[in-house]
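S.K.:
There are 2 protein chains.
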Amino acid sequence: MPLRELVIGFDADDTLWHNESIFEKVHERYRALLAQYHDAATVDQTLFATEMRNLELYGYGVKGFTLSAIETAIQLTGGKIAADEIQRLIELGREMLAHPVELLEGAADTLARLAPHHRLILITKGDLRDQERKLAKSGLAPLFHDVEIVSEKDEGTYAAILRRQDVPASRFLMVGNSLKSDILPILALGGLGAFVPYHLTWAHERVEEMPVASGRFFRLKTLRDLPGVVAVLADSRNSGT
Amino acid sequence: MPLRELVIGFDADDTLWHNESIFEKVHERYRALLAQYHDAATVDQTLFATEMRNLELYGYGVKGFTLSAIETAIQLTGGKIAADEIQRLIELGREMLAHPVELLEGAADTLARLAPHHRLILITKGDLRDQERKLAKSGLAPLFHDVEIVSEKDEGTYAAILRRQDVPASRFLMVGNSLKSDILPILALGGLGAFVPYHLTWAHERVEEMPVASGRFFRLKTLRDLPGVVAVLADSRNSGT
Numbered sequence: 027m028p029l030r031e032l033v034i035g036f037d038a039d040d041t042l043w044h045n046e047s048i049f050e051k052v053h054e055r056y057r058a059l060l061a062q063y064h065d066a067a068t069v070d071q072t073l074f075a076t077e078m079r080n081l082e083l084y085g086y087g088v089k090g091f092t093l094s095a096i097e098t099a100i101q102l103t104g105g106k107i108a109a110d111e112i113q114r115l116i117e118l119g120r121e122m123l124a125h126p127v128e129l130l131e132g133a134a135d136t137l138a139r140l141a142p143h144h145r146l147i148l149i150t151k152g153d154l155r156d157q158e159r160k161l162a163k164s165g166l167a168p169l170f171h172d173v174e175i176v177s178e179k180d181e182g183t184y185a186a187i188l189r190r191q192d193v194p195a196s197r198f199l200m201v202g203n204s205l206k207s208d209i210l211p212i213l214a215l216g217g218l219g220a221f222v223p224y225h226l227t228w229a230h231e232r233v234e235e236m237p238v239a240s241g242r243f244f245r246l247k248t249l250r251d252l253p254g255v256v257a258v259l260a261d262s263r264n265s266g267t
Numbered sequence: 027m028p029l030r031e032l033v034i035g036f037d038a039d040d041t042l043w044h045n046e047s048i049f050e051k052v053h054e055r056y057r058a059l060l061a062q063y064h065d066a067a068t069v070d071q072t073l074f075a076t077e078m079r080n081l082e083l084y085g086y087g088v089k090g091f092t093l094s095a096i097e098t099a100i101q102l103t104g105g106k107i108a109a110d111e112i113q114r115l116i117e118l119g120r121e122m123l124a125h126p127v128e129l130l131e132g133a134a135d136t137l138a139r140l141a142p143h144h145r146l147i148l149i150t151k152g153d154l155r156d157q158e159r160k161l162a163k164s165g166l167a168p169l170f171h172d173v174e175i176v177s178e179k180d181e182g183t184y185a186a187i188l189r190r191q192d193v194p195a196s197r198f199l200m201v202g203n204s205l206k207s208d209i210l211p212i213l214a215l216g217g218l219g220a221f222v223p224y225h226l227t228w229a230h231e232r233v234e235e236m237p238v239a240s241g242r243f244f245r246l247k248t249l250r251d252l253p254g255v256v257a258v259l260a261d262s263r264n265s266g267t
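One line per chain: the protein sequences are A and B, in this order.
Per our numbering, the first sequence runs over residues 27 to 267.
Per our numbering, the second sequence runs over residues 27 to 267.
(1) Under a CB-based cut-off of 9 Å, is Y84(A) close to chain B?
(2) Tell me whether Q62(B) is buried or exposed, calling it buried when 16 or more other Cβ atoms sit within 10 Å of its Cβ.
(3) So, helix, strand or coil for E174(A), using DSSP?
(4) Is V222(B) helix, strand or coil by DSSP?
(5) Measuring alpha carbon to alpha carbon, tell me which of T103(B), L102(B), I107(B), A214(B) ends up nearest I100(A).
(6) Starting from the Cα of E50(B), find the closest Cα among R245(B), H225(B), M236(B), L154(B) and give me that residue.
(7) Contact defined as beta carbons within less than 8 Å: I believe G216(B) pairs with I209(B). What is the distance between those atoms, to the nearest angstrom?
(8) Verify the CB distance criterion: does R189(A) have a CB-CB separation below 9 Å to chain B?
(9) Whose Cβ in chain B lies nearer than 7 Å to the Cβ of D110(A)?
(10) Going along the chain, which residues of the stretch 154 to 185 of chain A sit with their C-beta nearer than 7 Å to a C-beta in chain B?
(11) Within the same chain, show all residues whose beta-carbon is closer than 7 Å to that of D153(A), passing over the 5 residues directly before and after it, in chain order.
(12) How many angstroms separate the CA atom of E97(A) from the CA atom of V69(B)?
(13) Indicate whether at least one CB of chain A lies closer than 9 Å to the CB of N45(B).
(14) Mapping DSSP to helix, strand and coil, what is R232(A)?
(15) Check distances from the C-beta atoms of the stretch 110 to 142 of chain B to those of chain A and list, in chain order, the residues that come in under 8 Å.
(16) Applying a beta-carbon distance threshold of less than 7 Å, which residues of chain A neighbour T100(B)?
(17) Could you tell me which chain B residues have their CB closer than 8 Å to the CB of I212(A), listed as they occur along the chain?
(18) Closest Cβ-Cβ distance between K206(A) and chain B: below 9 Å?
(19) Am I right that S204(A) and D65(A) are in contact with their C-beta atoms under 8 Å? What's the rounded C-beta distance?
(20) Is any non-hydrogen atom of the ligand MG found closer than 8 Å to the C-beta of L249(A), if you look at the structure I gave you?
(21) Could you spell out where the alpha helix (DSSP H) holding A209(A) opens and where it closes?
(22) Leaving out five residues on either side along the sequence, give the residues of the same chain with a beta carbon under 8 Å from the beta carbon of T248(A).
(23) Along the chain, where does the alpha helix (DSSP H) that runs through L215(A) open and close?
(24) Specify the secondary structure class of K179(B) as computed by DSSP and reduced to three states.
(25) Mind pulling the chain A residues with CB within less than 7 Å of G90(B)?
(26) Select from the stretch 41 to 74 of chain A all residues with a C-beta closer than 9 Å to any C-beta belonging to chain B, and list them in chain order.
(27) Does the pairing of the stretch 146 to 164 of chain A with the stretch 27 to 35 of chain B give three or more beta-carbon distances under 8 Å?
(28) Run the CB neighbour count on S265(B), radius 10 Å, all protein chains shown included, and call it buried at 16 or more, exposed below.
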């Protein structure tokens, strides 16, 4: 690869476009549906427990969420939930899948600035078709050299991507809003991570401690700060430090 | 690529392992659940119509099937279906996802014979995690050079795979049980297709007419006939005919 080029992986949901805010609105309607049976905290905790129990079989994404929401509603109402309320949950799921893609502020500009000089890769987990649909609607697809829709974002997944891209970890920068899925695995492999927090984080992705990896970990307020970090990294990688 | 090597794409469901037979058993239980409301043909037709209506949003796979089955049951019972029957549908879906992988007769032998001489690629559609799980359980993963889990198997998908594999269509053989998804698109691109019918075909995959593509299309009774076809093809490609 060219001397000053980095391979930059971008998470999608809540890094390039809004996602958790859509889930949060659905959670609000879900709590309202079950409010006559249980308080909001019980509803949230039970739904999360169902999602975690089903994660191995369902994987990530809206379809598995919808199935877990139906199952939890049956459980929390002791089977008293009406069929038309279950139908409403199915429709909520479809509304999520059909939701417009709303780019985060600065996402399009930042990718457009970086794409001519670096190899950009989209790396996202979730339902295959849903992620493809969102990428197509986002208008960002032409800026990416490759798209990896994966079932889990762990060290093994990133190691396979480094092999496929034929790039050493020291020249791979992952950018995302989840320390757990986007940052920690790539730091563990010796790569670079830029953490751009979103204002909401799904409980499953929460990590308490900030990583310590001097010169390899960067916490940014916005994607607009990324080109500056990339410029410094591309230079320092180039000089072999 | 080496002179006598082909790139051979294999479909997974109903080509390497049983799938439609598992769906068929679930369909039987589904008809029984709704038998007091409607005859089997109405149940089948309504479920299929729901699946087709949802395909664009859900894509292929068990999770979308389960959601469509719940929606259809609510519709066909006029909302009278009980919550515990919907819970039963959710459990049927999970049983499908947890089902053991049963290889088709000859699948493992055939792949093991071909893998040392040709580049084998698994090309399958469906839920990402479900297909990964089945491949892992199948024991066949080490025989594949690459795995492509895609949201649709059309000409665009195969053209992208040919580019990624850096192989001309004339040296790419696709093997599968669906004329629509496995054979017609690759023949249209100038590639080779080996059709190995399964005893059941999902209505969405049915094609009435056998393709005509002399020297490029092969209909096999079993995967065990594949190495013979491959031997001839590898030679004829080599000699440039």
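Every residue, glycine too, gets a C-beta built ideally from N, C-alpha and C.
Since the structure is predicted, the reported quantities are computational estimates derived from the model, not experimental observations.
M.R.: Reading from the atomic positions:
(1) yes
(2) exposed
(3) strand
(4) coil
(5) I107(B)
(6) H225(B)
(7) G216(B) to I209(B), Cβ: 13 Å. No contact.
(8) no
(9) G105
(10) L154, R155, E158, I175, S177
(11) G87, V88, K89
(12) 23 Å
(13) no
(14) coil
(15) D110, I112, Q113, I116, G119, R120, L123, A124
(16) A small fix is needed here, since residue 100(B) is Ile in this sequence, not Thr. A109, I112, Q113, listed in chain order.
(17) Those do not exist, as I212(A) stays about 21 Å from chain B at its closest Cβ, beyond 8 Å.
(18) no
(19) Not quite, the Cβ-Cβ distance comes to about 28 Å (not below 8 Å), so this is no contact.
(20) Inclusion of the ligand MG in the displayed structure is not the case, the ligand content being empty and no account of it being possible.
(21) Sequence inspection shows Ile at residue 209(A); the Ala mentioned does not correspond to that position. No alpha helix (DSSP H) contains I209(A), which DSSP labels as neither H nor E.
(22) E131, G132, V222
(23) Here L215(A) belongs to no alpha helix (DSSP H), and DSSP marks it neither H nor E.
(24) coil
(25) K89
(26) none
(27) no
(28) Any reading at S265(B) needs caution, since the residue's pLDDT is 46, under 50, leaving its predicted position unreliable; the model's value is listed next. Per the 10 Å Cβ criterion, exposed.
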